[in-house]
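In this text, residue positions in the sequence shown follow my numbering: the first is 10, and each later residue adds one.
For every residue, glycine included, the Cβ atom is placed at its ideal position computed from N, Cα and C.
This structure is a prediction, so every number in the text was calculated from the model and none was measured.
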Amino acid sequence: MVDRIFVTRKIPEIGLEMLKKEFAVDIWKEQQPPSSEEIIRRAKNCHGLITLLSDPINKELIEQLPRLKMIAQYAVGYDNIDIEAATEEGILVSNTPGVLTETTADLTWALIFASARRIPEADRYVREGEWKVAWGPEMLLGKDIYGATLGIVGLGRIGTAVAKRAKGFSMKVIYSSKSETELTRVVEDELGAEPCELEELLRKSDIVTLHVPLTDETEGMIGNEQIAMMPKGSILINTSRGAVVDQRALIEALERGHLFSAGLDVFQEEPLESDSKLLKLTNVVLAPHIGSASFSTRAKMAEICARNMIQGLSDEIPDNLVNPQVLVQSKQ
Ligand code: NAP
């Protein structure tokens with residue numbers, strides 16, 4: 010009998026076509042995500058589940074899907090999934106790393122430019138009829154990117170791609186990460202980037218950009234104390250996960266003018282609450298979690314996600330398995 014899978018949102022056609030050739034596919038077609046109850050109802054008899062980062066796949070939900078063998082996440086981050094619970098139930102979990110690295114690094118740079126040179130503010134200034142003097146010596150002054158010090162927190166795939174782009178702007182790159190890897194060696198050798206502790210990085214950087222996954226260790230890693238270490242007039246960019254930053258502390262620092270500006274693609278609550286103070290601030294650039302949002306990258310993510318699912322349900326090891334412990338466990 011053909012395996013059944015539930016896809017919690019319409020992903021690009023290329024991935025859906027691959028899935029439809031192999032499985033009986035049920036797709037959630039609404040824009041808003043399905044509730045947990047709806048996921049349970051629709052996936053009850055499914056062997057595979059394709060999820061987005063906005064689907065909280067917790068222990069309670071997993072326990073109610075007795076036939077589930079595979080969860081293929083349509084994202085690189087998978088902090089919305091209780092990996093331990095999935096592993097305990099013998100469920101394979103995969104993600105889509107690598108293909109979105111460059112696109113997310115581009116978006117990070119878009120936020121760096123926009124925040125440092127006040128691009129959205131300048132755009133509004135023109136559109137709203139504020140541009141009444143042709144050229145002003147002190148009109149909309151921003152911060153230089155060229156020659157500035159860029160501090161990268163989390164030097165993995167995306168952090169490294171961000172570092173490489175800094176070379177064209179003759180920036181000094183410093184980074185703090187968890188472990189020494191091939192990527193950290195490349196960044197040190199090719200770009201002359203220097204490793205340092207988080208505290209030192211915060212004190213020395215003109216622009217800090219965050220690229221860590223959301224884990225127990227990184228949740229709230231940038232709070233009041235850390236922001237206070239950043240020099241007055243510096244800039245914070247976050248394209249990792251909202252909960253890595255204490256949003257209230259960030260808002261206070263932006264209001265006081267301690268930080269010159271911030272560029273955010275991710276938030277503690279997504280979508281951002283309609284009464285969020287961030288919406289009132291002019292020195293923050295906001296994007297609705299679009300780090301990987303290019304046509305080609307989203308299509309590649311769909312392909313990888315579908316391939317992982319096909320591999321997992323054909324008793325092959327998915328290329329991007331995130332919980333390999335599940336294999337050891339199933340052998341015991
Ligand atoms: P990655 O290659 O795994 O890089 C993450 C890096 O952070 C690794 O070098 C990791 O070190 C390091 N790290 C982990 N915990 C740390 C800590 N406590 N302190 C310092 N460094 C730490 O992941 P990636 O592909 O670059 O993606 C990074 C994150 O970006 C994802 O997890 C996701 O949440 C986010 N993301 C967002 C978007 C978006 O749309 N805005 C798009 C893609 C990704 P180890 O390898 O030693 O653990």
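Check	Outcome
Environment of P280 [buried if 16+ CB atoms lie within 10 Å]	exposed
Distance between beta carbons of T306 and T117, contact taken as under 8 Å	Wrong, their Cβ atoms sit about 14 Å apart, outside the cutoff.
Under the three-state DSSP convention, the category G250 falls into	For the record, residue 250 in the displayed sequence is Arg; it is not Gly. Coil, per DSSP.
Limits of the alpha helix (DSSP H) - the one that S124 falls within	110 to 125
beta-carbon P222 near the ligand NAP non-hydrogen atom, thresh 6 Å	yes
Proximity of V16 and I59 at Cβ, strictly below 7 Å	yes
When V294, G24, E206 are compared against V235, the one with the closest alpha-carbon	The question names Val, but residue 235 in the sequence shown is Gln. It is E206.
Cα-Cα separation, F122 to L211	19 Å
Residue closest to T218, alpha-carbon to alpha-carbon, out of E199, V253, D198	V253
Proximity below 7 Å, CB of V221 to CB of A202	no
Closest by C-alpha distance to P297, when choosing among R316, F304, L273, C314	L273
I299, DSSP secondary structure in three states	coil
Residues near E228 by beta carbon distance below 6 Å, same chain, minus five either side	A252
Any 3 or more C-beta pairs closer than 8 Å across the stretch 77 to 94 and the stretch 321 to 329	yes
Same chain, Cβ closer than 6 Å to T169, five either side skipped, listed in chain order	L192, V196
Completely contained beta strand (DSSP E) runs for the stretch 282 to 341, where each covers 3 or more residues	293 to 295
Nearest neighbour of G163, chosen from T190, R174, I92 [CA to CA]	T190
G160 Cβ short of 6 Å to the ligand NAP heavy atom set	no
Span of the beta strand (DSSP E) around G57	57 to 60
Closest by C-alpha distance to I71, when choosing among A84, A95, H56	A95
7 Å Cβ cutoff met for S249 and G160	no
Beta-carbon separation (whole angstroms), N104 vs V331, contact threshold 8 Å	5 Å
Neighbourhood of G266 by C-beta, 7 Å cutoff - its chain only, sequence neighbours within 5 removed	none
Nearest to K309 (by Cα), restricted to the options S63, P106, K53, A52	P106
Opening and closing residue of the beta strand (DSSP E) in which Q82 lies	79 to 82
Per-residue DSSP class, three states only, for I48	helix
Alpha-carbon to alpha-carbon, R51 and K173	44 Å
Check: K187 C-beta below 6 Å from any heavy atom of the ligand NAP	yes
Bridge partners - T158, DSSP secondary structure assignment	K181
Residues near Y87 by beta carbon distance below 8 Å, same chain, minus five either side	L62, V102, N104, V331
Member of R127, M148, C55 whose CA lies at the smallest distance from the CA of I244	R127
Sub-7 Å separation of I23 and A311 beta-carbons	yes
Reduced DSSP secondary structure (H/G/I, E/B, other) of R7	In the structure as shown, the chain starts at 10 and stops at 341, and residue 7 therefore has no counterpart that could be examined.
Span of the beta strand (DSSP E), counted from its first residue to its last, around V217	216 to 219
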